[in-house]
Amino acid sequence: MVNLNLALVILFQFASAYAQTLSVSVPLLAPSGATTLSPTLFSLSIEQDTWTDWAGTDAPNAFLVNVLDNLKQRTGEPPWFRIGADSEDRTNFNADVQFSQTVSSTPSVATPYPEAGAVVVGNGFYQIAEHLPAGTRVVWGVNLRSKNTTAAVLEAQSINKAFSSPVMQAAGVTLEFIEVGNEPDDYGDDVGYNTTTWTVEKYVAQWTEFAANVSLTGAVKPGLGPKFFGPSFAGVSHAADSFSALGIFTSGILETPPGSLLTTFSQHHYQCGAGEILVDIVQKDLIRGNLTELLPDIAVVHSHGLDYVLGETNSCFGHGAVNTSNVGGIAIWTLDYLLFAAQVGVSRAFFHQGVGYKYNAIQPVTLTRSTIDGSPLSAPLPPHVQPAYYAALVAAEAIGASGASTSVELDIADDEVSGYAFYEQGALKRAVLISHKMFFAGGAVPRGVKRIALDFIGGQAPKGNINLKKLFIPSADATTGLLWGGQSFDGPDGKPSGTIVLQESSVDAVDLSDTEILLLLF
Ligand SMILES: *[C@@H]1O[C@H](CO)[C@@H](O)[C@H](O)[C@H]1NC(C)=O
Ligand SMILES: *[C@@H]1O[C@H](CO)[C@@H](O)[C@H](O)[C@H]1NC(C)=O
Ligand SMILES: *[C@@H]1O[C@H](CO)[C@@H](O)[C@H](O)[C@H]1NC(C)=O
Ligand SMILES: *[C@@H]1O[C@H](CO)[C@@H](O)[C@H](O)[C@H]1NC(C)=O
Ligand SMILES: *[C@@H]1O[C@H](CO)[C@@H](O)[C@H](O)[C@H]1NC(C)=O
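Residues -19 to -1, 1 to 503 in mature numbering (1 follows the signal peptide of the UniProt record, and there is no 0) are what the sequence shown lists, from first letter to last.
The following block contains the structure:
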């Protein structure tokens, strides 16, 4: 936990008259069925064509290490890294390459930072994972789509070599999983695939063949050691004959020797569709609709004893949407989506990142063209965090460092407010309140405030005042200037600046402004 004692400033919220008070019941003891939260519920997925930018080749990327360390200080563990994605299926291996060579694609207004057309990696590519903070766990993808078992095997051998090396072990970075193939339900109509005739049975047969070869390298193994993670489908489907959880189980994936090492089911999920804007994606009921849609698959996966994760997720598919994924309001979506995902049984959500993507939480290197339209920037833009990063900070503090905190969603009868309670050893410790009402700068509508009356149930209610930590978002359309408990993380070193500011509020009534998040500390 960060040291809150240093330079603590307490502000007092003065009560004023409010038209409406929203009453919210807060259980003092964790209800049965409260979800246990991983400290790394918020994790990262990296498009691997730019992996060397993230990690740094000759030396660690100091900015990245700092922004990961901010999260590690709060949860005791840095976010997991899943490295691979689309470009994993366009990667080959050549031991003569030091780190990686890419065939670049042409930027456009719609896609200012396109993915590489092809990637060739060497041993150094995997070895630089040693630059990640101690305690980082890694999921790495190998190529399935190219139908080249030699490529997959050489990649897995190199991954195994890197993670078995004394330097990696000294760095405390461990391989947890290998993913064989990315979004195989979307393999399309080339490399001998045919969308019309490609089925889940064919996929399971091909995966099993490749995974058997990969397991021969020793990169995954029974007992202690890394396992398989997949199938990483792009689409959500529930039928036994479709690319779904039921589909792969019905096709017998778990009965094969490599399938017995498949212990985590990974689903990809992006919320917003084409043409949607911020005010759509942040709606409380749509976030719930998007995640409860996964419930049948989560139940099937859990019934087979596998873990269920969102192996690749974010706001809008295709690197994010302008004025949606890159603005302050997305912090509201990110936090509510993340915490609600845990409520439906998602154990970890890997937020997808590239270099220059609109939806990044972290821009790991200096950018020279606009992430919005690809135009040249008048001055290079140093590494920086984006609004989604602030949601990760809030989640980290809400979840805490115990590794055993539990959470329930608060039942709030207001479609613009959501909330969650957090428990340690069954006792209420923290709560989060989230305003889904978007306040835009320069608009005619003033920023509203809702007064929330906390109705504690199941024991002796806290009395007097409590401390609040606020995520201040200048406006839903602001791209910078967010403050978490008074601190900015916008600086080019990724470290917090400013003093931590807590606010004091009466325990009976808490004021939540539009487009704001409050962390209540009990
Ligand atoms: C994959 O496994 C098969 C069956 O064991 C073997 O014949 C083949 O040589 C392997 N391929 C590679 C590239 O290791
Ligand atoms: C498969 O990958 C290997 C290893 O890089 C390469 O030598 C070979 O040319 C590839 N095969 C095809 C058909 O691309
Ligand atoms: C895919 O298979 C269907 C049915 O066999 C066939 O009509 C179609 O031409 C094939 N598409 C391609 C791109 O080969
Ligand atoms: C998911 O959210 C989007 C808005 O971002 C909405 O258009 C879509 O209908 C939602 N899907 C479900 C299944 O609720
Ligand atoms: C994004 O917002 C800015 C500022 O409000 C506006 O000028 C621009 O046209 C918007 N772009 C898109 C693609 O909506």
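Idealized CB from N, CA, C, for every residue including glycine.
A quick note: this is a predicted structure, and the numbers were derived from the prediction, not measured.
- Ile64 is classed as buried because its beta carbon has at least 16 other beta carbons within 10 Å across all chains shown.
- Short note on Asp166: C-beta not closer than 7 angstroms to any heavy atom of ligand 3.
- For Gly286, the closest C-alpha among the options Gly105, Ile229, Thr244 is that of Thr244.
- Here Val172 is exposed, its C-beta having fewer than 16 other C-beta atoms within 10 Å.
- Of Gln1, Ala322, Pro363, the smallest CA-CA separation from Asn42 is found for Pro363.
- Those residues that bring their Cβ nearer than 7 angstroms to a heavy atom of ligand 1 are Thr130, Thr131, Val134, Ala193, Asn194, Leu197.
- In terms of Cα proximity to Gly424, the closest of Ala394, Phe403, Gly309, Ala457 is Ala457.
- Here the residues close to ligand 5, judged by CB distance below 7 angstroms to any of its heavy atoms, are Val303, Asn304, Asp458 in chain order.
- Contact annotation, Gln248 with Val217: C-beta distance approximately 7 angstroms; criterion of less than 8 angstroms satisfied.
- Here the region 46 to 58 makes contact with the region 13 to 24; the two share three or more CB pairs at distances below 8 angstroms.
- With contacts defined as CB atoms closer than 8 angstroms, His417 and Ser388 fail to qualify as a contacting pair.
- For Thr180, the CB stays at least 7 angstroms from every heavy atom of ligand 3.
- Inter-segment contact for the region 207 to 215 and the region 154 to 165 is present: three or more beta-carbon pairs are separated by less than 8 angstroms.
- Distance check between Asp266 and each of Ser306, Trp314, Leu235 places Trp314 closest, using alpha-carbon atoms only.
- Here Asn446 is bridged, per DSSP, to Ser487.
- Our two residues, Asp39 and Gly381, have alpha carbons roughly 33 angstroms apart in a direct line.
- One alpha carbon belongs to Val134, the other to Lys208, and they sit about 15 angstroms apart.
- Remark: the shortest separation between the CB of Asn75 and any heavy atom of ligand 2 falls under 7 angstroms.
- A distance of 8 angstroms or more separates the beta carbons of Leu493 and Ala412.
- Burial check for Pro203: the Cβ neighbour count within 10 Å stays below 16, so the residue is exposed.
- Shortest Cα-Cα distance from Ser223 to any of Gly256, Phe246, Thr180 involves Thr180.
- With contacts defined as CB atoms closer than 8 angstroms, Phe503 and Lys410 qualify as a contacting pair.
- Comparing alpha carbon positions, the residue from Phe80, Thr72, Ala110 closest to Val46 is Ala110.
- About 18 angstroms separates the beta carbon of Val308 from that of Ala91, a gap too long to meet the 8 angstroms contact definition.
- A distance below 8 angstroms separates the beta carbons of Val201 and Leu242.
- As computed with DSSP, Asp492 is found in a beta bridge with Arg432.
- Your pair Ser127 and Asp70 checks out as a contact, with CB atoms roughly 7 angstroms apart and the cut at 8 angstroms.
- Contact between the region 26 to 33 and the region 97 to 115 is present: three or more C-beta pairs spanning the two stretches fall below 8 angstroms.
- According to the DSSP assignment, Ile313 belongs to the alpha helix (DSSP H) that extends over 310 to 325.
- Listed as beta-bridge partners of Val290 by DSSP are Ser247.
- Distances between the C-beta of Leu275 and the heavy atoms of ligand 4 are all 7 angstroms or more.
- The alpha-carbon separation between Gln1 and Ala152 amounts to approximately 54 angstroms.
- When C-alpha distances from Val260 are compared across Phe298, Thr294, Asn304, the shortest belongs to Asn304.
- It is roughly 10 angstroms from the alpha-carbon of Ile393 to the alpha-carbon of Leu414.
- Judged by beta-carbon spacing, Val290 lies beyond the 8 angstroms limit of Met419, meaning their Cβ atoms are not closer than that value.
- Look at Gln324: its beta carbon is at least 7 angstroms from all of the heavy atoms in ligand 4.
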